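Peer 1:
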Amino acid sequence: MNILIVAALAGAVYKCTVDGKVTYSDSPCAAGASVVLETPAAPPADPAAGAALRNQQKQADTLQKSRLKREEREEREAAREAKDAAVQRKKCDQLKLKKRWADEDARRATGSATETARLRAHRAGEAMALECPR
Numbered sequence: 222m223n224i225l226i227v228a229a230l231a232g233a234v235y236k237c238t239v240d241g242k243v244t245y246s247d248s249p250c251a252a253g254a255s256v257v258l259e260t261p262a263a264p265p266a267d268p269a270a271g272a273a274l275r276n277q278q279k280q281a282d283t284l285q286k287s288r289l290k291r292e293e294r295e296e297r298e299a300a301r302e303a304k305d306a307a308v309q310r311k312k313c314d315q316l317k318l319k320k321r322w323a324d325e326d327a328r329r330a331t332g333s334a335t336e337t338a339r340l341r342a343h344r345a346g347e348a349m350a351l352e353c354p355r
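The numbering used here puts the first residue of the sequence shown at 222, with every later residue one more than the last.
Okay, structure coming up:
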């Protein structure tokens with residue numbers, strides 16, 4: 222379709238020979254010795270090309286849909302992983318706080334409570350090391 226429009230807008234092409242030099246122009250030669258060159262007709266539309274184009278568009282639509290589904294799935298997975306990481310950080314922070322409090326209690330303990338507080342601090346440290354490997 223676009224080829225036909227371009228060919229129609231092109232108009233006539235004139236071949237001029239002046240002093241042995243050949244020039245082509247869209248206006249007639251000044252000396253009047255010009256040859257009008259016919260523009261070739263556009264080839265007929267290929268019916269198979271239309272079918273191929275529709276098939277390619279269908280494939281492109283299918284690929285785009287699958288890409289969008291994949292991106293949505295990846296976004297959901299990333300959001301879930303971020304949520305899980307936030308939960309893990311919160312749990313680690315709580316365990317670190319408990320460990321710090323247990324250490325403070327062990328330092329302040331006197332008498333028979335010293336061993337119990339030290340054991341509690343040690344166990345809090347083990348729990349923190351288990352949940353927070355860094």
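All C-beta atoms, glycine included, are put in the ideal place defined by N, C-alpha and C.
None of these values were measured; they are calculated from a predicted model.
If you reduce the DSSP assignment to three classes, tell me which class Thr337 lands in.
Peer 2: helix
Peer 1: Straight-line CA distance for Lys311 to Leu289?
Peer 2: Rounded to the nearest angstrom, the two C-alpha atoms are 33 Å apart.
Peer 1: Is it the case that the Cβ atoms of Leu316 and Ala348 are separated by a distance below 7 Å?
Peer 2: yes
Peer 1: Provide the residue(s) that pair with Ser246 in DSSP beta bridges, ordered along the chain.
Peer 2: Tyr235
Peer 1: If we count the other Cβ atoms within 10 Å of its Cβ and call it buried at 16 or more, is Arg355 buried or exposed?
Peer 2: Exposed: under 16 other Cβ atoms inside 10 Å.
Peer 1: Excluding the five sequence neighbours on either side, which residues of its own chain have a C-beta within less than 7 Å of the C-beta of Gly241, listed in chain order?
Peer 2: Excluding residues within five positions, none has a Cβ falling inside 7 Å.
Peer 1: From the DSSP output, which residues share a beta bridge with Val256?
Peer 2: Lys236
Peer 1: Taking only three categories from DSSP, how would you classify Arg355?
Peer 2: coil
Peer 1: Go through its chain and collect everything with a Cβ distance to Pro268's Cβ below 7 Å, but skip five positions before and after it.
Peer 2: none
Peer 1: For Lys319, which residues of its own chain have a beta-carbon under 7 Å away from its beta-carbon, when the five flanking residues on both sides are left out?
Peer 2: Ala345
Peer 1: Under a three-way DSSP split, which group does Thr283 fall into?
Peer 2: helix
Peer 1: Might you give, ordered along the chain, the residues of its own chain that have their beta carbon closer than 6 Å to the beta carbon of Thr244, omitting 5 neighbours on each side?
Peer 2: Cys237
Peer 1: Rounding to the nearest angstrom, what Cα-Cα distance links Cys313 and Ala273 in this structure?
Peer 2: 59 Å
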